[in-house]
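*Asks:* Chains A and B, in that order, are what the protein sequence lines are. Positions 1 to 248 (my numbering) are the ones given, in order, by the first sequence. Positions 1 to 248 (my numbering) are the ones given, in order, by the second sequence. Okay, here's the structure, questions in a sec.
Protein chains: 2
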Amino acid sequence: MIGWVRIVGLGPGDEALWTRQVSDTLAQATDVVGYIPYVNRVADRDGLVKHASDNRLEVDRAQQALTMATEGRRVAVVSSGDPGVFAMASAVFEAVEAGPPEWRALDIQVQPGITAMLAASAACGAPLGHDFCAINLSDNLKPWEVIERRLHLAAEADFAMAFYNPRSASRPEGFARALTVLNEACGDNRPMIFARNVSLPDQTIRIVPLPDTTPDMADMRTVVLLGSSRTRIIERDGAPIVYTPRSI
Amino acid sequence: MIGWVRIVGLGPGDEALWTRQVSDTLAQATDVVGYIPYVNRVADRDGLVKHASDNRLEVDRAQQALTMATEGRRVAVVSSGDPGVFAMASAVFEAVEAGPPEWRALDIQVQPGITAMLAASAACGAPLGHDFCAINLSDNLKPWEVIERRLHLAAEADFAMAFYNPRSASRPEGFARALTVLNEACGDNRPMIFARNVSLPDQTIRIVPLPDTTPDMADMRTVVLLGSSRTRIIERDGAPIVYTPRSI
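Dropping the structure here:
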């Protein structure tokens, strides 16, 4: 058997958002590797071995997947959302670059998925409908000063913005600092969207003017979007629509 | 029959990249509305009426879809990629906001798809694996000065970047100007990726150091990615891997 690694995106949660490519890969895999809750999303079947590991062990997990592929296993590395957006693809390639030469010869493919910001955007309208940026607010892997600088420049460029990993138990103060910077840099009432458990039955979408936001509105199951200065809200019976026009 | 509008993303081209949600919607629709080549991607079947229109008629198309939904039709508005990224979702909501009150009462949903930049990123590794931005280079709907300013600020923020609509027959000079700005603002050899016909059988991926890029490397079937200052290339037999590490 010739081994391979497929780094696949499971989307934000609902299996109806898997691509057929990803479903086919999971049907052919001998092994699934990933963070515990993502591995749990893949149904058990005969011939499939699941290797679930804890958060922050991305490079260990990547090494395990690459090692198994050299042994002829067909390994699916699963990420939530899209594997190329703050997820496992970069971790696997970091391991490949630092690893033994035979890992470079492996058949490795990334298979895209619906990333959280685009599912969140779809759930409330089209707030990312014009130029936008995506920023990981976790300061595990970069200093806070870099994050703050990016927030300032993104506001100056008038990007709509998407924020991943806004808040965790180990970094309760980071998101509060981000909100302070954004209020200062934007200086207006543009809407911030808190999308929690997107696509799941208990999805919640909360739309709040930036000056009225508070840090507790986000947790690790929330992706946060922020409109540009041009973003509009259409009021109606039921949930309002938030969208950014295509111009400027 | 109660009408609805679903604004759906068909992904970059390969039907294996459709989500099941989108397949189900297309199976239930009575009408498909969109730009000619995208409507052509949907298979004919009894009971499905196709309404294909030319490029740049986004708002006309949106009005047509909304009107049909008020008449009880189940209308799928199709976009390539993701409907919320430089595509039909914002056009539909522009029409809703400017239209008659009954349009606000309609059942309208956006259903996400695999957007071109993420399919392109997957095809060459993970160049968007850390903070990044997406910029539409078309100056149909915004002045060139806004684009140029965003390019400068995005380089200053050290975002990886994705460029949609880099070049068209009607704007042959725009992409040349963008390359000049980017070379000046970045001042290094970071890789630019030209991904043409992503996911289709004739897909091509070209990885070129920024100073060696030329405007003719992109056309309207190309999505262009640019690494950050940290982006790395793993050389190997066969296609190299381009990825941006998760840190800084």
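Virtual Cβ for every residue (Gly too), placed ideally from N, Cα, C.
Using a beta-carbon distance below 8 Å, is aspartate 237 of chain A in contact with chain B?
*Replies:* As a position in the first sequence, residue 237 of chain A is number 237, starting the count at 1. Yes, because at least one Cβ of chain B sits closer than 8 Å to the Cβ of aspartate 237 of chain A.
*Asks:* Tryptophan 4 of chain B to alanine 134 of chain B, Cα distance in whole Å?
*Replies:* Counting from 1 along the second sequence, the entry for residue 4 of chain B is found at position 4. Counting from 1 along the second sequence, the entry for residue 134 of chain B is found at position 134. Approximately 30 Å between the Cα atoms of the pair.
*Asks:* Spell out a yes or no on whether the segment 125-143 of chain A and the segment 78-85 of chain B are touching, meaning 3 or more CB-CB pairs, one atom from each, closer than 8 Å.
*Replies:* These segments touch.
*Asks:* Does the pairing of the segment 188-201 of chain B with the segment 222-240 of chain B give three or more beta-carbon distances under 8 Å?
*Replies:* Flag = yes, the segment 188-201 of chain B and the segment 222-240 of chain B touch.
*Asks:* What are the start and end residues of the alpha helix (DSSP H) that includes threonine 180 of chain A?
*Replies:* For the purposes of this step, residue 180 of chain A is identified with residue 180 of the first sequence, where counting begins at 1. Its alpha helix (DSSP H) spans residues 174-186.
*Asks:* Rank A:Thr70, A:Val198, A:Ser247, A:Ile108 by C-alpha distance to the C-alpha of alanine 239 of chain B and give the top, closest one.
*Replies:* Taking the second sequence and counting its residues from 1, the one referred to as residue 239 of chain B is at position 239. Residue A:Ile108 is the option with its Cα nearest to alanine 239 of chain B.
*Asks:* Taking Cβ-Cβ distances shorter than 9 Å, what residues in chain A pair up with isoleucine 241 of chain B?
*Replies:* Numbered from 1 along the second sequence, position 241 holds the residue referred to as residue 241 of chain B. Those are Phe93, Val96, Glu97, Arg104, Ile108, listed as they occur along chain A.
*Asks:* List, in chain order, every chain B residue whose beta-carbon is nearer than 7 Å to that of tryptophan 4 of chain A.
*Replies:* Here residue 4 of chain A refers to the residue found at position 4 of the first sequence. Those do not exist, as tryptophan 4 of chain A stays about 14 Å from chain B at its closest Cβ, beyond 7 Å.
*Asks:* Check whether the Cβ atoms of glycine 13 of chain A and leucine 200 of chain A lie closer than 8 Å to each other.
*Replies:* Walking along the first sequence from the start, residue 13 of chain A turns up at place 13. Walking along the first sequence from the start, residue 200 of chain A turns up at place 200. Closer than 8 Å, so yes.
*Asks:* Would a C-beta distance cut-off of 8 Å place threonine 30 of chain A and valine 8 of chain A closer than the cut-off?
*Replies:* Indexing the first sequence from 1 puts residue 30 of chain A at position 30. Indexing the first sequence from 1 puts residue 8 of chain A at position 8. Contact flag unset, no.
*Asks:* Taking the continuous alpha helix (DSSP H) assigned at histidine 152 of chain B, which residues delimit it?
*Replies:* Within the second sequence, residue 152 of chain B is the residue found at index 152, counting from 1. That run of the alpha helix (DSSP H) goes 144-156.
*Asks:* Nearest-angstrom Cα distance between isoleucine 2 of chain B and leucine 10 of chain B?
*Replies:* What you label residue 2 of chain B is simply residue 2 of the second sequence in a count that begins at 1. What you label residue 10 of chain B is simply residue 10 of the second sequence in a count that begins at 1. Distance between the alpha carbons of isoleucine 2 of chain B and leucine 10 of chain B is about 24 Å.
*Asks:* Establish whether the CB of aspartate 60 of chain B and some CB of chain A are separated by less than 8 Å.
*Replies:* As a working note, residue 60 of chain B is residue 60 in the second sequence. Chain A contact via Cβ: absent.
*Asks:* Run through DSSP, which three-state label would methionine 310 of chain A get?
*Replies:* Residue 310 of chain A lies beyond the range of chain A shown here (1 to 248); nothing can be said about it.
*Asks:* What residue range does the beta strand (DSSP E) around proline 209 of chain B cover?
*Replies:* The residue labelled residue 209 of chain B in the question sits at position 209 within the second sequence. Note, proline 209 of chain B: beta strand (DSSP E), 204-209.
*Asks:* Extract the residue ranges of the beta strand (DSSP E) inside the segment 46-118 of chain A, only unbroken runs of 3 or more that lie entirely within it.
*Replies:* Taking only runs of at least 3 residues, the beta strand (DSSP E) segments lying wholly in the segment 46-118 of chain A are 49-53, 74-79, 107-111.
*Asks:* Less than 8 Å between the beta carbons of valine 198 of chain A and alanine 119 of chain A, yes or no?
*Replies:* Position 198 of the first sequence holds residue 198 of chain A. Position 119 of the first sequence holds residue 119 of chain A. In contact: valine 198 of chain A and alanine 119 of chain A (Cβ atoms closer than 8 Å).
*Asks:* What does tryptophan 18 of chain A reach in chain B if we use C-beta pairs closer than 7 Å?
*Replies:* Numbered from 1 along the first sequence, position 18 holds the residue referred to as residue 18 of chain A. The answer, in chain order, is Thr19, Arg20.
*Asks:* Among A:Arg221, A:Pro209, A:Ala218, which one has its Cα closest to the Cα of glycine 231 of chain A?
*Replies:* Position 231 of the first sequence holds residue 231 of chain A. Going by the sequence as given, residue 231 of chain A is threonine instead of glycine. When each option's Cα is compared against that of threonine 231 of chain A, the closest is A:Pro209.
*Asks:* Using the three-state DSSP reduction, which class does valine 224 of chain A fall into: helix, strand or coil?
*Replies:* Position 224 of the first sequence, counted from the first residue, corresponds to residue 224 of chain A. Strand.
*Asks:* Contact criterion: CB-CB distance below 8 Å. Does threonine 115 of chain B meet it with respect to chain D?
*Replies:* Annotation note: the requested chain D is absent from the structure, which comprises protein chains A and B.
*Asks:* By Cβ distance, which residues of its chain are closer than 7 Å to histidine 152 of chain A, with the 5 residues on each side in sequence left out?
*Replies:* What you label residue 152 of chain A is simply residue 152 of the first sequence in a count that begins at 1. Excluding sequence neighbours, histidine 152 of chain A sits near Val181, Ala185.
*Asks:* Do you know how far the Cα of phenylalanine 93 of chain A is from the Cα of glutamate 102 of chain A?
*Replies:* As a first step, residue 102 of chain A must be located in the first sequence, where it is residue number 102. As a first step, residue 93 of chain A must be located in the first sequence, where it is residue number 93. Spanning the two alpha carbons is a distance of roughly 13 Å.
*Asks:* Contact criterion: CB-CB distance below 8 Å. Does glycine 84 of chain B meet it with respect to chain A?
*Replies:* For the purposes of this step, residue 84 of chain B is taken as residue 84 along the second sequence, with counting starting at 1. So yes, glycine 84 of chain B belongs to the interface.
*Asks:* Within 8 Å (strictly less), CB to CB, does aspartate 46 of chain B reach chain A?
*Replies:* The residue labelled residue 46 of chain B in the question sits at position 46 within the second sequence. Chain A contact via Cβ: absent.
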